[in-house]
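In what follows, a structure is listed as structure tokens, so that the remarks can point back to it.
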Amino acid sequence: MEMEDRTDRTRWEELMVIDEAGGSRASQGQGGYLSDMLDTEILTGSRTMEGFEFSDQVGVPEEHGTDVSDGVVVENLTDSFASGASIVTGEIRVSEGLDAHIAKGEPLLTTKLVGQASDRNMEMIWSWLMKDDVLRIGIYGMGGVGKTSLVTHIHNQLLQRPSSFNYVFWVTVTQNFTISKLQSLIAKAIYLDLSNEEDEKKRAAKLSKALIAKGKSVLILDDLWDRFPLEKVGIPVEGNACKLILTTRSLEVCRRMGCQKSIKVELLTKEEAWTLFVEKLGHIAKLSLEVVQIAESVAAECSRLPLGIIAMAGSMRGVDDLHEWRNAWTELKQSEVRVDDMEPEVFHILRFSYMRLSDSALQQCLLYCAFFPEDFTVDREDLIGYLIDEGIVQPMKSRQAEYDRGQAMLNKLENACLLQSYISKENYRCFKMHDLIRDMAIQN
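The sequence shown lines up with residues 1 to 444 when you count with full-length UniProt numbering.
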């Protein structure tokens with residue numbers, strides 16, 4: 001297979017190599033190479049998926065209105081909840097002087113938006129993008145509410161309409177980003193080589209020149225935690241060459257980044273939260289009336305957060321016993337909440353889903369996956385090999401038996417909605433972990 005077809009796998013294999021002093025590979029255990037990896041790769045910035053970005057987060061509006069404060073127009077908006085997957089194709093040209101070849105666009109894997117407000121919301125955002133005086137758009141809301149899902153649809157819609165913009169770039173920003181790291185991420189997205197330039201001011205000048213040279217383009221910065229000076233990074237602040245869309249958990253970040261339009265992604269309504277829970281649970285018709293009543297209480301405990309609803313429904317999928325549902329409800333209410341930067345409601349639900357995993361090997365498997373860098377994708381076959389080499393898959397009579405056990409473990413984590421599975425454009429089966437699930441796992 002071609003090296004470029006499996007960049008994430010290659011990067012992970014590079015991380016497995018021991019330092020100059022020498023030593024063995026992954027079999028030494030997590031305390032060695034994973035610690036080294038965390039000190040290097042995770043802190044250098046997140047990686048985008050090869051061709052796709054998956055998001056099963058969703059939302060639906062309770063109301064729609066406009067509030068003007070401090071010169072910022074705030075639209076109450078929720079990303080409509082989704083069902084069914086779709087991939088939108090497109091093509092992006094690489095500018096002359098940077099890379100002479102024609103590069104395929106990288107549509108992101110998302111879910112079909114449904115709901116009364118979805119078309120109106122998308123049209124609103126598109127109208128802002130078409131206005132020359134709107135250069136920066138902010139999308140904000142609490143973690144797990146569906147910000148990435150919304151901006152993913154915007155990204156794919158832009159790819160479908162190349163006559164409106166020449167280029168669309170996606171960059172996932174990490175919580176601990178620096179100016180230099182953000183410059184490197186943007187440079188990679190636009191095919192600009194900054195590897196031989198260390199001075200931040202010179203890097204910023206080259207980035208700005210390259211972005212302006214591309215003409216009308218859109219740069220999407222997903223998961224921004226704090227403001228930064230655009231000119232210090234190299235993002236053009238004047239003219240209409242490069243529009244900026246950012247997602248963040250804070251309206252204050254939108255304001256301080258100079259967003260002319262800011263959209264809040266709201267929680268689901270109670271009815272829509274229950275609809276999503278039933279959809280992800282998948283067997284509501286088989287449940288007794290008493291179990292359904294408890295299930296409604298469990299769904300309500302998710303605080304109308306799409307990510308929490310999806311994780312909770314996944315953890316209860318296939319369960320029809322009244323006592324097990326009642327026990328789950330009791331444990332959920334009594335579960336201990338321990339949070340750093342994550343909203344209590346999100347951590348509360350995700351940790352409960354983790355604790356409900358049927359055996360310690362599954363928990364170890366999930367924790368192992370959390371040690372991959374944020375937004376890192378890994379080939380399913382490679383991941384099973386790592387789990388076997390690490391001893392997370394217990395030794396069995398044959399390699400095939402161990403492989404089958406690894407497949408079963410990943411299936412259970414996928415069914416519990418704790419791992420996101422997708423098929424890459426090269427037709428490889430891959431996995432990725434949502435950043436909030438990863439945060440929860442690391443805190444355990």
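In this text, a Cβ means the ideal position worked out from N, Cα and C, and glycines have one as well.
Computed from a predicted model, the values in this text were never measured in an experiment.
* Out of curiosity, what's the CA-to-CA distance linking L159 and L192? -> Per the coordinates, the alpha-carbon of L159 lies some 20 Å from the alpha-carbon of L192.
* Asked: Under the DSSP definition of a beta bridge, which residues are partnered with V379?
  -> Reading the sequence as shown, one finds Asp at residue 379 and not Val. Paired residue(s): C430.
* Roughly how many angstroms separate the alpha carbons of I309 and N327, rounded to a whole number? -> For I309 and N327, the gap between their C-alpha atoms comes out near 18 Å.
* I125 and I263 closer than 9 Å at C-beta -> The Cβ-Cβ distance between I125 and I263 falls below 9 Å.
* To do: Rank V346, R380 and P395 by C-alpha distance to the C-alpha of A361 and give the top, closest one.
  => Taking each of V346, R380 and P395 in turn and checking the Cα distance to A361, the smallest one comes out for P395.
* **DSSP state of D226 mapped onto helix, strand, coil** => Coil.
* **Buried or exposed (CB count within 10 angstroms, at least 16 for buried), G239** => G239 sits exposed, since fewer than 16 C-beta atoms from the chains shown fall within 10 Å of its C-beta.
* What does a CB cutoff of less than 7 Å around L224 pick up in its chain, not counting 5 residues either side in sequence? -> If the five residues before and after L224 are omitted, its C-beta is found closer than 7 Å to the C-beta atoms of V173, L246, T247, T248 and V253, all from its own chain and listed in chain order.
* Assign R203 to buried or exposed, taking buried as 16 or more other Cβ atoms, counted over all protein chains shown, within 10 Å of its Cβ. => With 16 or more other Cβ atoms within 10 Å, it is buried.
* Sequence-distant residues of its chain with Cβ nearer than 6 Å to M312 (five each side left out) -> Closer than 6 Å at Cβ, skipping near neighbours: C302 and I349.
* Does the beta-carbon distance from I442 to Q407 come in below 9 Å? -> With contacts defined as CB atoms closer than 9 Å, I442 and Q407 fail to qualify as a contacting pair.
* Where L436 falls: helix, strand or coil (DSSP) -> Here L436 sits in helix by DSSP.
* Residues that W170 bridges to, as DSSP identifies them -> Paired residue(s): I220.
* Asked: How many Å lie between Q183 and Q157 at the Cα?
  -> When rounded, the distance between both Cα atoms is 26 Å.
* Asked: From P162, E390, L410 and S398, pick the residue whose C-alpha is nearest to that of S217; which is it?
  -> Closest by C-alpha distance to S217, out of P162, E390, L410 and S398, is P162.
* Element boundaries [alpha helix (DSSP H), containing E206] -> According to the sequence shown, residue 206 is Lys rather than Glu. Taken as a continuous stretch (DSSP letters only), the alpha helix (DSSP H) holding K206 covers E200 to A213.
* Tell me whether S333 is buried or exposed, calling it buried when 16 or more other Cβ atoms sit within 10 Å of its Cβ. => It is Lys, not Ser, that sits at residue 333 in the sequence shown. K333 comes out exposed.
* Asked: Where does Y191 fall in DSSP's three states?
  -> Of the three classes helix, strand and coil, the one that applies to Y191 here is coil, per DSSP.
* Please list, in chain order, all residues of the same chain as S208 whose beta carbon is under 6 Å from its beta carbon, the five residues on each side excluded. => Hits under 6 Å: G234 and P236.
* Asked: Which word fits D320, buried or exposed, when buried means at least 16 other C-beta atoms lie within 10 angstroms of its C-beta?
  -> By the 10 Å Cβ count, D320 comes out exposed.
* Under 8 Å Cβ to Cβ from G314, same chain only, skipping five residues before and after it: list those, please. => Cβ within range, chain order: K280, S353, N415, A416, C417 and L418.
* Asked: Does the beta-carbon of V149 have 16 or more other beta-carbons within 10 angstroms, so that it is buried, or is it exposed?
  -> Residue identity check: residue 149 is Ser in the sequence provided, not Val. It counts as buried.
* Find the nearest neighbour of V346 within the set N166, D133 and L436, judged by alpha-carbon distance. => Nearest C-alpha to V346: L436.
* Going along the chain, which residues of its own chain have a beta-carbon closer than 6 Å to the beta-carbon of C369, five neighbours each way excluded? -> Excluding its 5 nearest sequence neighbours in each direction, C369 has C-beta neighbours in its own chain below 6 Å: M433, listed in chain order.
* Could you tell me if R136 is buried or exposed, where buried requires 16 or more neighbouring beta carbons within 10 angstroms of its beta carbon? => By the neighbour-count rule (16 or more Cβ atoms within 10 Å), R136 is buried.
* Asked: Cα-Cα, which of T377, G391, K412 and S127 is closest to K425?
  -> Nearest of T377, G391, K412 and S127 to K425, Cα basis: T377.
* To do: Please classify K425: does DSSP put it in a helix, a strand, or coil?
  => Three-state DSSP puts K425 in coil, outside helix and strand.
* Asked: If you run the structure through DSSP and keep just helix, strand and coil, what is V265?
  -> Strand, per DSSP.
* G90 versus I212: straight-line alpha-carbon distance, rounded -> Note that G90 scores a pLDDT of 33, beneath 50, so its modelled location is shaky and nothing firm can be said.
* Asked: Grouping DSSP H, G and I as helix and E and B as strand, with all else coil, what is S367?
  -> Here residue 367 turns out to be Leu, not Ser, going by the sequence shown. Note: L367 maps to helix in three-state DSSP.
* Asked: Do the CB positions of Y167 and G215 come within less than 9 Å of each other?
  -> Closer than 9 Å, so yes.
* What alpha helix (DSSP H) runs, 4 residues minimum, are completely inside the region 131–184? -> Segments of the alpha helix (DSSP H) lying fully in the region 131–184: 147–160.
* **DSSP beta-bridge partners of Q420** => Paired residues: K432.
* What residues in its chain sit with their C-beta under 6 Å from that of S399, if we drop five residues either side in the sequence? -> The question names Ser, yet the displayed sequence has Arg at residue 399. There are no such residues.
* Span of the beta strand (DSSP E), counted from its first residue to its last, around L287 -> Run containing L287: none; DSSP gives neither H nor E here.
* In terms of DSSP beta bridges, what is L246 paired with? -> Bridge pairing for L246: G138 and L221 [DSSP].
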